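The numbers in numbering that gives the first Met the number 0 rise by one with no breaks, and the one at position 140 of the sequence shown is 139.
Beta carbons: idealized from backbone N, C-alpha and C, even for Gly.
Owing to the predicted nature of the structure, the values given are computational and were not obtained by experimental measurement.
Worksheet for the structure shown next.
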Amino acid sequence: MQQDRLDERQSAVSAHGELVTVIGGGLAGSEAAWQLARRGIRVRLYEMRPQRSTEAHKSDRLAELVCSNSLRSASLDAAVGLLKEEMRRLGSLTMRVADETRVPAGSALAVDRDLFAQRITAAIAAVDEITVVREELTEIPSGVCIIASGPLTSPALSWTLQQLLGQQYLYFYDAIAPIISASSIDRSIVFAASRYGKGGDDYLNCPMTRDEYHAFVDAVLAAEKVPTRDFERCVYFEGCMPIEEMARRGRETLAFGPMKPVGLIDPRTGERPFAVVQLRQDNQAATLYSMVGFQTKMTYPEQRKVFRSIPGLQGAEFVRLGSLHRNTFIDSPRSLSSTLQLRSRPQTFLAGQLVGVEGYVESAATGLLAAINASRYLNGLPCVVLPATTCLGSLVGYISDPQRRDFQPMNANYGLFPPIDGRERGREKRQRLADRALRDIESWSVAATIEPIAAPMLGQVDGAAVSEAN
Ligand SMILES: Cc1cc2nc3c(=O)[nH]c(=O)nc-3n(C[C@H](O)[C@H](O)[C@H](O)COP(=O)(O)OP(=O)(O)OC[C@H]3O[C@@H](n4cnc5c(N)ncnc54)[C@H](O)[C@@H]3O)c2cc1C
Numbered sequence: 000m001q002q003d004r005l006d007e008r009q010s011a012v013s014a015h016g017e018l019v020t021v022i023g024g025g026l027a028g029s030e031a032a033w034q035l036a037r038r039g040i041r042v043r044l045y046e047m048r049p050q051r052s053t054e055a056h057k058s059d060r061l062a063e064l065v066c067s068n069s070l071r072s073a074s075l076d077a078a079v080g081l082l083k084e085e086m087r088r089l090g091s092l093t094m095r096v097a098d099e100t101r102v103p104a105g106s107a108l109a110v111d112r113d114l115f116a117q118r119i120t121a122a123i124a125a126v127d128e129i130t131v132v133r134e135e136l137t138e139i140p141s142g143v144c145i146i147a148s149g150p151l152t153s154p155a156l157s158w159t160l161q162q163l164l165g166q167q168y169l170y171f172y173d174a175i176a177p178i179i180s181a182s183s184i185d186r187s188i189v190f191a192a193s194r195y196g197k198g199g200d201d202y203l204n205c206p207m208t209r210d211e212y213h214a215f216v217d218a219v220l221a222a223e224k225v226p227t228r229d230f231e232r233c234v235y236f237e238g239c240m241p242i243e244e245m246a247r248r249g250r251e252t253l254a255f256g257p258m259k260p261v262g263l264i265d266p267r268t269g270e271r272p273f274a275v276v277q278l279r280q281d282n283q284a285a286t287l288y289s290m291v292g293f294q295t296k297m298t299y300p301e302q303r304k305v306f307r308s309i310p311g312l313q314g315a316e317f318v319r320l321g322s323l324h325r326n327t328f329i330d331s332p333r334s335l336s337s338t339l340q341l342r343s344r345p346q347t348f349l350a351g352q353l354v355g356v357e358g359y360v361e362s363a364a365t366g367l368l369a370a371i372n373a374s375r376y377l378n379g380l381p382c383v384v385l386p387a388t389t390c391l392g393s394l395v396g397y398i399s400d401p402q403r404r405d406f407q408p409m410n411a412n413y414g415l416f417p418p419i420d421g422r423e424r425g426r427e428k429r430q431r432l433a434d435r436a437l438r439d440i441e442s443w444s445v446a447a448t449i450e451p452i453a454a455p456m457l458g459q460v461d462g463a464a465v466s467e468a469n
């Protein structure tokens, strides 16, 4: 170990004798604390509940699932299913407990939410290396630290983060527009062009006639919406107004807003369409396109139905659907490296929804990677980057890509993967991507000497012998 890193390790020991501080005992923080402990590192885990709760949490347990009890697909056919498998191979506590507390849910991995949080809480309490402190932390400690305080980070800590990163690099509201896989867009209808030909043919445009537009507006108005929770009630600011709110204000509002057709000529008719839905390239490989200005609170099934009525999107494959909710997250492309370290402060790691990943599994997975790297950092080893061909590697690569502008949170999806040779499509292609990812994560974990199999500590999670703690 380099001498300076040894010195740093020495000075990293807090007044309480811990080497790493983890802020937030949610999905990411619990996984991170446990991963550090199994590598023999002492952890001080700060969780502010029950002293201070968030608007969504109901209990004082660690790793509480705040909404659905589903961890989404269990199948390798979905990227989130692959992510789960990668986590299992890296010895994830979250996955071990999820598998143990599984309830029937078809092809999804759903869990008994109480048992899940209870077992994670108990597993953490049973580990000598972890001290759980039930306090809100409002300052970032000077030593090695993982910040995993989640989408509902307390206001005082958010303020500290703003000071650290710069005001403009911390967001509080999430207005997500759907993302579509490029291969599912009907290019015989959709045309590439920028308004008035300015800036090259950068956008894909789905043209609509007057009748198609009005039918679309009616469908948007009639669609079922996700109820607004009390804490989400806000005056929408222009940049994140949902399309249904615009449609409610007037039948033509959308045609003068995100769907305005000015400066666009449909090459099929030689005329300006009545309205257009614009799609913007979302990744360098041009395999993903986002719907410009299409944030919405329509339910997921309704979004699929309504958006597939748009000309050219009949067969659209959505890799992410739209949403709108309170969400604290950093502008990761500007602040975070692909090792999950702050660029300006390498002893500070971030994980969970705060880094702009979306979902329980994604949050826990980044906690796992942050812990691997925090442990390496403390031991004077270089921090590691996951192969881009793995699900977690592709996701972390996406959020930390410095080329990315207008950053919005992202969940695991096959559209983020580098292309693979071959002519397969659909399920067969996804199977090949999954095979490659699992092969690559295995060889990566060997090369980076990441222990792939959980240590005997995993045994402590099992069974009724573990009493509920905290
Ligand atoms: C309302 C809502 C519903 C969601 N529903 C789903 C869903 O159904 N499915 C899905 O996959 N994802 C969902 N998500 C997204 C996301 O997956 C979850 O929020 C997930 O819990 C994020 O994990 P995390 O570890 O980043 O944060 P959390 O699990 O929220 O953990 C953060 C922890 O930090 C604590 N904390 C905050 N500030 C401090 C502080 N200053 N000091 C000490 N502790 C602090 C909090 O109390 C909390 O326990 C939802 C998000 C929200 C906000």
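Quiz item: Between P418 and S106, what straight-line distance do the alpha-carbon atoms span, to the nearest angstrom?
Solution: Locating residue 418 in the sequence shown gives position 419, where the first residue counts as 1. Locating residue 106 in the sequence shown gives position 107, where the first residue counts as 1. Answer to the nearest angstrom: the Cα atoms are 26 angstroms apart.
Exercise. Taking all protein chains shown into account, decide if T448 is buried (16 or more other Cβ within 10 angstroms of its Cβ) or exposed.
Key: Stepping through the sequence shown from its first residue, residue 448 is reached at position 449. The residue in question, T448, is exposed, as its Cβ has fewer than 16 Cβ neighbours within 10 Å.
Quiz item: Going straight from the alpha carbon of V19 to that of M86, what length do you get?
Solution: Locating residue 19 in the sequence shown gives position 20, where the first residue counts as 1. Locating residue 86 in the sequence shown gives position 87, where the first residue counts as 1. Between V19 and M86, the C-alpha separation is close to 22 angstroms.
Quiz prompt | L82 to P49 span [Cα, whole Å] | solution = Sequence index remark: in the sequence shown, residue 82 carries index 83 (1-based). Sequence index remark: in the sequence shown, residue 49 carries index 50 (1-based). Those two C-alpha atoms are separated by around 31 angstroms.
Exercise. Per DSSP, which residues does K224 bridge with? Please list them.
Key: Here residue 224 is taken as the residue at index 225 of the sequence shown, counted from 1. DSSP lists M297 as partners of K224.
Quiz item: Do D185 and A192 have their C-beta atoms closer together than 8 angstroms?
Solution: Your numbering for residue 185 matches position 186 in the sequence shown. Your numbering for residue 192 matches position 193 in the sequence shown. No, the pair does not count as a contact, with Cβ atoms beyond the cut-off.
Quiz item: Looking at the structure shown, is V19 part of a helix, part of a strand, or coil, going by DSSP?
Solution: Reading the sequence shown from its first residue, position 20 is the one you call residue 19. Correct three-state label for V19: strand.
Quiz item: What residues in its chain sit with their C-beta under 7 angstroms from that of A181, if we drop five residues either side in the sequence?
Solution: Residue mapping note: residue 181 aligns to position 182 of the sequence shown, counting from 1. Around A181: A285, T286, L287, Y288.
Quiz item: With DSSP run on the structure shown, which of helix, strand or coil describes Q313?
Solution: Here residue 313 refers to the residue found at position 314 when the sequence shown is read from its first residue. Here Q313 sits in coil by DSSP.
Quiz item: Is the beta carbon of F171 less than 8 angstroms from the beta carbon of R325?
Solution: In the sequence shown, residue 171 corresponds to position 172, counting from 1. In the sequence shown, residue 325 corresponds to position 326, counting from 1. Yes, they are a contact pair.
Quiz item: In three-state terms, what does DSSP make of S91?
Solution: The residue given as residue 91 occupies position 92 in the sequence shown. Coil.
Quiz item: Would the beta-carbon of A55 be found less than 7 angstroms away from any heavy atom of ligand 1?
Solution: Position 56 of the sequence shown, counted from the start, is the residue given in the question as residue 55. Checking the Cβ of A55 against ligand 1 gives yes.
Quiz item: Cβ of T130 within 7 angstroms of any heavy atom in ligand 1?
Solution: Along the sequence shown, one-based indexing puts residue 130 at 131. Answer for T130: no, Cβ out of range of ligand 1.
Quiz item: Could you give the C-beta distance for R51 and S148, rounded to a whole number, given that I count them as a contact under 8 angstroms?
Solution: Within the sequence shown, residue 51 is the residue found at index 52, counting from 1. Within the sequence shown, residue 148 is the residue found at index 149, counting from 1. Incorrect: roughly 12 angstroms between the Cβ atoms, too far for contact.
Quiz item: Could you give the distance in angstroms between the alpha-carbon of R232 and the alpha-carbon of S322?
Solution: Position 233 of the sequence shown, counted from the first residue, corresponds to residue 232. Position 323 of the sequence shown, counted from the first residue, corresponds to residue 322. Summary for R232: the model assigns pLDDT 45, below 50, so the residue's position carries little reliability; its value from the coordinates is reported in the next sentence. Spanning the alpha carbons of R232 and S322 requires a straight line of approximately 14 angstroms.
Quiz item: In terms of alpha-carbon separation, which member of V275, G256, G249 lies closest to I188?
Solution: Within the sequence shown, numbered from 1, the residue matching residue 188 stands at position 189. Cα-wise, what sits closest to I188 is V275.
Quiz item: Could you give the residue range of the beta strand (DSSP E) that holds I129?
Solution: Position 130 of the sequence shown, counted from the start, is the residue given in the question as residue 129. First-last of the beta strand (DSSP E) with I129: 129-132.
Exercise. Tell me whether I22 counts as near ligand 1, meaning its Cβ is closer than 7 angstroms to at least one heavy atom of that ligand.
Key: Walking along the sequence shown from the start, residue 22 turns up at place 23. The closest heavy atom of ligand 1 lies less than 7 angstroms from the beta carbon of I22.
Practice problem: In angstroms with no decimal places, state the Cα-to-Cα distance between L220 and F406. | Solution: Locating residue 220 in the sequence shown gives position 221, where the first residue counts as 1. Locating residue 406 in the sequence shown gives position 407, where the first residue counts as 1. Going by the C-alpha atoms only, they are around 28 angstroms apart.
Exercise. Return the chain-ordered list of same chain residues with a C-beta closer than 6 angstroms to the C-beta of E292, the five sequence neighbours on each side being excluded.
Key: Translated into the one-based positions of the sequence shown, residue 292 becomes position 293. Note on identity: in this sequence residue 292 is Gly, with Glu being the wrong assignment. Hits under 6 angstroms: P257.
Self-check item: Nearest to L61 (by Cα), restricted to the options W33, A77, V42, G25
Solution: In the sequence shown, counting from the first residue as 1, residue 61 sits at position 62. Nearest of W33, A77, V42, G25 to L61, Cα basis: G25.
Self-check item: Three-state class that DSSP yields for C390 in the structure shown
Solution: Taking the first residue of the sequence shown as position 1, residue 390 is located at position 391. C390: helix per DSSP, three-state reduction.
Self-check item: Rounded separation between T298 and V395 - CA only
Solution: Locating residue 298 in the sequence shown gives position 299, counting from the first residue. Locating residue 395 in the sequence shown gives position 396, counting from the first residue. About 27 angstroms.
Quiz item: In whole angstroms, what is the alpha-carbon distance linking A436 and R248?
Solution: In the sequence shown, residue 436 corresponds to position 437, counting from 1. In the sequence shown, residue 248 corresponds to position 249, counting from 1. Distance from the CA of A436 to the CA of R248, rounded to the nearest whole angstrom, comes to 47 angstroms.
Quiz item: Mind checking whether Q346 and V126 have CB atoms under 8 angstroms apart?
Solution: Position 347 of the sequence shown holds residue 346. Position 127 of the sequence shown holds residue 126. Result no, Cβ atoms of Q346 and V126 do not sit closer than 8 angstroms.
Practice problem: List the whole-angstrom C-beta distance separating Q313 from R319, where the pair is believed to meet the contact cut-off of C-beta under 8 angstroms. | Solution: Here residue 313 refers to the residue found at position 314 when the sequence shown is read from its first residue. Here residue 319 refers to the residue found at position 320 when the sequence shown is read from its first residue. Incorrect: roughly 19 angstroms between the Cβ atoms, too far for contact.
Quiz item: Regarding G358 and ligand 1, is the C-beta to nearest heavy atom distance less than 7 angstroms?
Solution: Stepping through the sequence shown from its first residue, residue 358 is reached at position 359. It does: the Cβ of G358 is within 7 angstroms (strictly closer) of some heavy atom of ligand 1.
Self-check item: Cβ shell of G23 (< 6 angstroms), same chain only, five flanking positions each side left out
Solution: Locating residue 23 in the sequence shown gives position 24, counting from the first residue. Sequence-distant Cβ neighbours of G23 in its own chain, meaning closer than 6 angstroms and more than five residues away, are A147, S148, G149.
Exercise. Please classify D439: does DSSP put it in a helix, a strand, or coil?
Key: Numbered from its first residue, the sequence shown carries residue 439 at position 440. Helix, per DSSP.
Quiz item: Where do the N-terminal and C-terminal ends of the alpha helix (DSSP H) with S334 fall, by residue?
Solution: What you label residue 334 is simply residue 335 of the sequence shown in a count that begins at 1. Residue range 331-334 is occupied by the alpha helix (DSSP H) that includes S334.
Quiz item: Roughly how many angstroms separate the alpha carbons of E128 and L169, rounded to a whole number?
Solution: Reading the sequence shown from its first residue, position 129 is the one you call residue 128. Reading the sequence shown from its first residue, position 170 is the one you call residue 169. If you take the alpha carbons of E128 and L169, they lie about 32 angstroms apart.
Self-check item: Beta-carbon proximity check, F328 vs V354, cutoff 8 angstroms
Solution: For the purposes of this step, residue 328 is taken as residue 329 along the sequence shown, with counting starting at 1. For the purposes of this step, residue 354 is taken as residue 355 along the sequence shown, with counting starting at 1. Going by C-beta atoms, F328 is nearer than 8 angstroms to V354.
Quiz item: From what residue to what residue does the beta strand (DSSP E) around R43 run?
Solution: Numbered from 1 along the sequence shown, position 44 holds the residue referred to as residue 43. That run of the beta strand (DSSP E) goes 42-45.
Quiz item: What does S58 pair with, by DSSP beta-bridge criteria?
Solution: Looking up residue 58 in the sequence shown gives position 59. S58 pairs with nothing; no bridge assigned.
Practice problem: Determine the closest residue to L108 out of E30, A116, M94, D439, with distance taken between C-alpha atoms. | Solution: Translated into positions along the sequence shown, residue 108 becomes position 109. By alpha-carbon distance to L108, the top candidate from E30, A116, M94, D439 is M94.
Practice problem: Pull up the distance between the alpha-carbon of V305 and that of G196, whole angstroms please. | Solution: Taking the sequence shown and counting its residues from 1, the one referred to as residue 305 is at position 306. Taking the sequence shown and counting its residues from 1, the one referred to as residue 196 is at position 197. V305 and G196: Cα-Cα distance of roughly 29 angstroms.
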